[in-house]
Structure formats: structure tokens, C-alpha cells
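Enquirer: Quick one: this structure, given as C-alpha cells, is what I'll be asking you about.
Residue numbers (our numbering): 10 to 401.
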């Protein structure tokens with residue numbers, strides 16, 4: 010069997026890449042371990058994705074955006090960053106930017122379903138679900154991907170199988186892994202007071218809390234604590250859980266109640282030593298898995314696959330080869346320049362804002378007050394959060 014490109018991993022990054030490459034006239038095979046029903050109707054997993062304007066534009070161009078129900082798209086009109094209790098917040102909004110939202114919150118499972126439905130509609134994209142990939146073997150002018158039940162030869166193989174990528178390991182590519190020794194609990198909470206589409210990131214003593222506004226009088230709760238305390242909350246009886254959360258956030262949204270399943274994720278950031286090898290590339294979290302504190306992981310994944318598709322388009326125009334070494338090298342250089350500074354800065358911010366020693370608390374309070382008074386700084390951060398640049 011032959012396809013121009015084989016993508017290992019049918020999550021959002023892999024499917025977005027498949028759509029971008031199919032638009033270039035390439036035939037694409039997507040191999041995904043999860044069974045087909047999980048791709049067609051992915052379950053709610055607690056994660057709300059903060060999409061920049063650039064990411065929305067990319068999803069519109071792919072055709073996936075139109076498949077997301079409008080009720081599942083929540084505008085983010087303001088963002089607040091707080092530290093401790095009763096301290097000066099750092100706020101960001103859209104004043105003077107000519108748009109009505111900093112970005113848009115969409116549940117991860119809705120994005121996954123939309124991308125799958127769009128990919129399924131494309132004649133040159135084949136999705137093989139319930140299939141584990143075993144190996145990627147180098148050939149002369151090609152690569153062969155061996156999977157359960159067969160093998161496929163391609164001119165380029167792409168790993169999009171997550172931050173703990175098995176395929177990255179099998180290709181001998183190491184990674185920097187930053188373990189924050191924290192876990193994140195995510196769920197939806199209904200509340201009696203309106204959120205006015207304001208997101209809050211709150212660095213309290215001993216915990217980090219984010220409240221992300223979604224439609225329907227509810228917010229997505231993102232709570233970060235040591236793993237043992239998160240596990241206790243995950244299994245806690247509902248009424249006790251509701252009371253615990255209201256106390257943790259100071260009853261700022263009035264009465265609250267759990268309206269979804271609870272999900273837990275370990276907090277580990279990952280940065281691959283290399284993004285490419287012989288006719289092989291890493292995309293999405295397999296290349297760069299960000300700490301969620303700056304909400305840029307999914308957006309960076311989309312921009313990474315855009316950069317790869319753009320470089321492949323150049324290669325196709327030159328010699329018709331999507332896996333040419335010069336194509337992959339240019340992609341790696343672009344993606345490293347786009348991600349390395351943000352990865353380092355994000356890890357630094359996450360460390361500063363989760364340390365509870367008194368010098369760190371004082372530095373946080375002073376830093377937020379100073380930052381809120383600096384208009385150029387706030388404008389620069391707002392532009393980064395929105396990322397209004399159009400997709401190519």
C-alpha cells in the first residue's frame with residue numbers, strides 16, 4: 010500500500026495536518042490507536058481550548074469550524090490574572106483592537122469531532138482507526154510504516170501521537186521533560202452569578218485556579234494541586250466537592266454545582282530534541298507539549314502544522330517531494346524559533362507562580378501591579394493572546 014504521507018495519531022493535530030496536506034493534492038493515511046466510535050463521537054474530557062483568532066482562521070480554512078455548533082463556542086471578552094486574595098489583578102481586554110473577543114473557548118471533544126468529520130469527507134484522506142503503529146522503517150527515498158495488520162510506504166511519515174509519543178521514542182528522538190509534580194483537575198461547574206465571559210487565572214497560596222467562561226451559566230474549573238490532593242477531589246462525593254470548590258474560590262460566583270464528569274491530567278511539559286529525521290516529522294504535542302498556563306498548546310500545534318504544510322508546498326513546487334530533507338529542515342528551524350522562547354518563558358512563569366515561599370509571593374504581587382500599569386506591556390500580551398494574523 011502507498012500514500013504520499015502517513016500520519017500516526019488521529020487527534021486534533023494529526024487531523025488538522027491531514028486536512029492541510031490533502032489541500033495540497035497529497036494522499037494521506039491517518040493511523041489512530043483509538044477505535045472508530047471514539048473518533049466519531051469523542052467523549053467530553055474536561056478540557057476547554059482557548060483558541061486565538063489565528064487558530065479560528067485556520068479551522069475555518071480547513072472546513073472544521075463550520076462543523077462546531079455555535080452554542081459550543083464561547084467568546085472570551087476579558088482575562089484576569091490574580092495572586093493571593095484581595096490583591097490588585099492584571100487584566101486584559103479587547104479595547105481598541107476592533108474585535109469583540111480576545112479569543113474563543115471551545116471544548117476539546119467538539120474540535121476533535123469537527124476535524125474528524127471534515128477529514129472523513131475528503132476523498133484523499135484515509136483514516137484507519139483501532140490501529141497501533143509498531144515501527145517506522147527507513148527506505149531509499151521513502152519510509153515504511155508498520156502497523157497492526159499491515160504496512161504502508163510513504164514519502165513522509167508524521168508523528169502526532171501526543172507528548173509521550175511512542176513513535177518519537179522509536180525514532181530515537183529524545184525530549185526535555187519538565188515534571189511540575191502537580192496534577193490538574195478539570196470539570197464544569199454551574200453557578201448562580203454571571204461570569205460576563207471573563208476568564209480568571211488565580212495563583213492562590215498552595216493552589217492554582219482557573220475559571221473559564223462557557224455558555225449556559227457555567228464555567229470550566231481548572232484546579233492545580235499535588236497529585237494526591239487532586240485524586241481525593243476527583244473521587245469526592247458531589248455535595249462535598251461543590252462545597253470545597255466554593256470555599257477554594259471564595260464564593261465569587263455564588264452557589265456552584267458540578268455538572269460534568271471530572272478529569273485529571275499530570276502537569277508535564279515536553280520539548281523534543283529534534284523535530285525531524287529521515288522523511289519524518291513531529292507535530293503537535295509530540296514536538297512541543299506546553300504547560301497550559303498560557304493556553305498556547307493547541308494554538309502552537311495548529312501553527313506548527315501550518316508551517317510544515319507551507320514548507321511542503323514549496324518542496325512540491327520545486328521537485329514534487331514532500332519529504333525532502335531541505336523541506337523538513339526549514340520546518341524544524343521555523344517551528345523551533347516559534348516555540349523555544351515561549352516554552353522557556355512558560356515554564357519560568359509556571360515555576361514563579363506556583364512557588365509558595367514568601368519571596369515568590371511578594372514578587373508575584375509586585376509584578377502584577379507593575380505589569381497592569383504598563384500599557385505597552387499589556388498591549389503586547391493582548392496581541393499575543395489574540396494572535397489576529399491571518400492563516401496563509
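Just so you know, even glycine gets a beta-carbon here, dropped at the ideal spot from N, CA and C.
#1: Looking at C-alpha atoms only, which residue of 270, 262, 22 and 185 is the closest neighbour of residue 39?
#2: Quick one: residues in its chain with C-beta nearer than 8 Å to the C-beta of residue 197, no 5 flanking neighbours on either side, listed in chain order?
#3: Going by beta carbon distance, what residues of the same chain come within less than 7 Å of residue 322, once the five residues before and after it are set aside?
#4: Which same chain residues end up closer than 6 Å to residue 275 when comparing Cβ atoms and leaving out the 5 residues on each side of it in sequence?
#5: Could you check if residue 299 is buried or exposed, using at least 16 other CB atoms within 10 Å of its CB as the buried criterion?
#6: Answer with buried or exposed for residue 336, where buried requires no fewer than 16 other C-beta atoms within 10 angstroms of its C-beta.
#7: Got a sec? Which residues, its chain only, sit under 7 Å from residue 183 by beta carbon, not counting five neighbours each side?
#8: Have a look at 162, 72 and 115 and flag the residue whose alpha-carbon is nearest the alpha-carbon of residue 126.
#9: In the DSSP assignment, what residue or residues form a beta bridge with residue 274?
#10: Measure from the alpha carbon of residue 261 to the alpha carbon of each residue in 240, 215, 207 and 248, then state which is nearest.
#11: Here's the rule I'm using: 16 or more other beta-carbon atoms within 10 Å means buried, otherwise exposed. How should residue 64 be labelled?
#12: Is residue 205 helix, strand or coil when you go by DSSP?
#13: Assuming residue 141 and residue 134 make a contact with CB atoms under 8 Å, what is their CB distance in whole Å?
#14: Thinking residue 61 and residue 308 are a contact (beta carbons under 8 Å), I'd like their distance in whole angstroms, please.
#15: Note down, in chain order, each residue of its chain lying with its Cβ closer than 6 Å to the Cβ of residue 11, except the 5 sequence neighbours on either side.
#16: Do you know how far the Cα of residue 293 is from the Cα of residue 311?
#17: Do residue 19 and residue 185 have their beta-carbon atoms positioned less than 8 Å apart in this structure?
#18: With DSSP as the reference, identify every bridge partner of residue 159, one or two as the case may be.
#19: Please specify which runs of the beta strand (DSSP E), each continuous and at least 3 residues long, are wholly inside the segment 122-186, giving them in chain order.
#20: Using a threshold of 8 Å, state whether the C-beta atoms of residue 92 and residue 314 are closer than that.
#21: Per DSSP, what kind of secondary structure is residue 327 in: helix, strand or coil?
#22: Evaluate residue 204 with the Cβ neighbour count: other Cβ atoms within 10 Å of its Cβ, from every protein chain shown; 16 or more gives buried, anything less gives exposed.
#23: If we ignore side chains and look at the alpha-carbon of each, how far apart do residue 235 and residue 121 end up?
#24: How is the beta strand (DSSP E) around residue 56 delimited, first residue to last?
#25: Which term fits residue 202, buried or exposed, when burial requires 16 or more other beta carbons within 10 angstroms of its beta carbon?
#26: Alpha carbons only, please: which of 158, 328, 280 and 35 is nearest the one belonging to residue 347?
#27: Which residues does DSSP pair with residue 211 in a beta bridge?
#28: For the alpha helix (DSSP H) containing residue 290, name the first residue and the last one.
#29: Residue 219 and residue 209: beta carbons closer than 8 Å?
#30: Closest by CA to residue 88, which one among 221, 255 and 264?
Expert: In short, the structure shows the following:
#1: In the chain shown, counting from the first residue as 1, residue 39 sits at position 30. It is 22 whose Cα lies nearest to the Cα of residue 39.
#2: Counting from one through the chain shown, the residue named residue 197 turns up at place 188. Contacts found: 55, 223, 227, 228, 229, 230, 267, 268 and 269.
#3: Within the chain shown, the letter at position 313 stands for residue 322. Closer than 7 Å at Cβ, skipping near neighbours: 33.
#4: Here residue 275 refers to the residue found at position 266 of the chain shown. For residue 275, where only same-chain residues beyond five positions count, the Cβ hits under 6 Å are 192.
#5: Against the chain shown, residue 299 aligns to sequence position 290. With 16 or more Cβ atoms within 10 Å of its Cβ, residue 299 is classed as buried.
#6: Residue numbering aside, residue 336 sits at position 327 when the chain shown is read from its first letter. Buried is the call here.
#7: As a first step, residue 183 is located in the chain shown; it is residue number 174 there, counting from the start. Result list for residue 183: 282, in chain order.
#8: Residue 126 sits at position 117 when you count from the first residue of the chain shown. Taking only the C-alpha atoms, the option nearest residue 126 is 72.
#9: Your numbering for residue 274 matches position 265 in the chain shown. DSSP, once it has assigned bridges, lists 193 as partnering residue 274.
#10: Start at 1 with the first residue of the chain shown, and residue 261 comes out as number 252. Among 240, 215, 207 and 248, the Cα nearest to that of residue 261 is on 207.
#11: Walking along the chain shown from the start, residue 64 turns up at place 55. Residue 64 comes out buried.
#12: As a working mapping, residue 205 is identified with position 196 in the chain shown. Looking at residue 205 - three-state DSSP - the assignment turns out to be coil, as it is neither helix nor strand.
#13: For the purposes of this step, residue 141 is identified with residue 132 of the chain shown, where counting begins at 1. For the purposes of this step, residue 134 is identified with residue 125 of the chain shown, where counting begins at 1. Contact doesn't hold; Cβ gap of about 20 Å is too wide.
#14: Sequence index remark: in the chain shown, residue 61 carries index 52 (1-based). Sequence index remark: in the chain shown, residue 308 carries index 299 (1-based). Their Cβ separation, rounded to whole angstroms, is 5 Å, which keeps residue 61 and residue 308 in contact under 8 Å.
#15: Within the chain shown, the letter at position 2 stands for residue 11. Closer than 6 Å at Cβ, skipping near neighbours: 162.
#16: Within the chain shown, numbered from 1, the residue matching residue 311 stands at position 302. Within the chain shown, numbered from 1, the residue matching residue 293 stands at position 284. Each residue's alpha carbon lies about 7 Å from the other.
#17: Counting from one through the chain shown, the residue named residue 185 turns up at place 176. Counting from one through the chain shown, the residue named residue 19 turns up at place 10. The answer is no: Cβ separation not under 8 Å.
#18: The residue given as residue 159 occupies position 150 in the chain shown. Paired residue(s): 156.
#19: 134-137, 142-148, 151-156, 159-163 and 165-168
#20: Start at 1 with the first residue of the chain shown, and residue 92 comes out as number 83. Start at 1 with the first residue of the chain shown, and residue 314 comes out as number 305. Cβ atoms of residue 92 and residue 314: not closer than 8 Å.
#21: One-based indexing of the chain shown puts residue 327 at position 318. Helix, per DSSP.
#22: As a position in the chain shown, residue 204 is number 195, starting the count at 1. Classification for residue 204: buried.
#23: The residue labelled residue 235 in the question sits at position 226 within the chain shown. The residue labelled residue 121 in the question sits at position 112 within the chain shown. So the alpha carbons of these two residues sit roughly 29 Å apart.
#24: What you label residue 56 is simply residue 47 of the chain shown in a count that begins at 1. Note, residue 56: premise wrong, no beta strand (DSSP E); not H, not E.
#25: In the chain shown, residue 202 corresponds to position 193, counting from 1. Residue 202 is exposed by the Cβ-count criterion.
#26: For the purposes of this step, residue 347 is taken as residue 338 along the chain shown, with counting starting at 1. Comparing Cα positions, the closest option is 280.
#27: Sequence index remark: in the chain shown, residue 211 carries index 202 (1-based). Note: residue 211 sits in a beta bridge opposite 91 and 218.
#28: Locating residue 290 in the chain shown gives position 281, where the first residue counts as 1. No alpha helix (DSSP H) contains residue 290, which is instead part of the beta strand (DSSP E) from 289-291.
#29: Indexing the chain shown from 1 puts residue 219 at position 210. Indexing the chain shown from 1 puts residue 209 at position 200. Contact flag set, yes.
#30: Start at 1 with the first residue of the chain shown, and residue 88 comes out as number 79. It is 221 whose Cα lies nearest to the Cα of residue 88.
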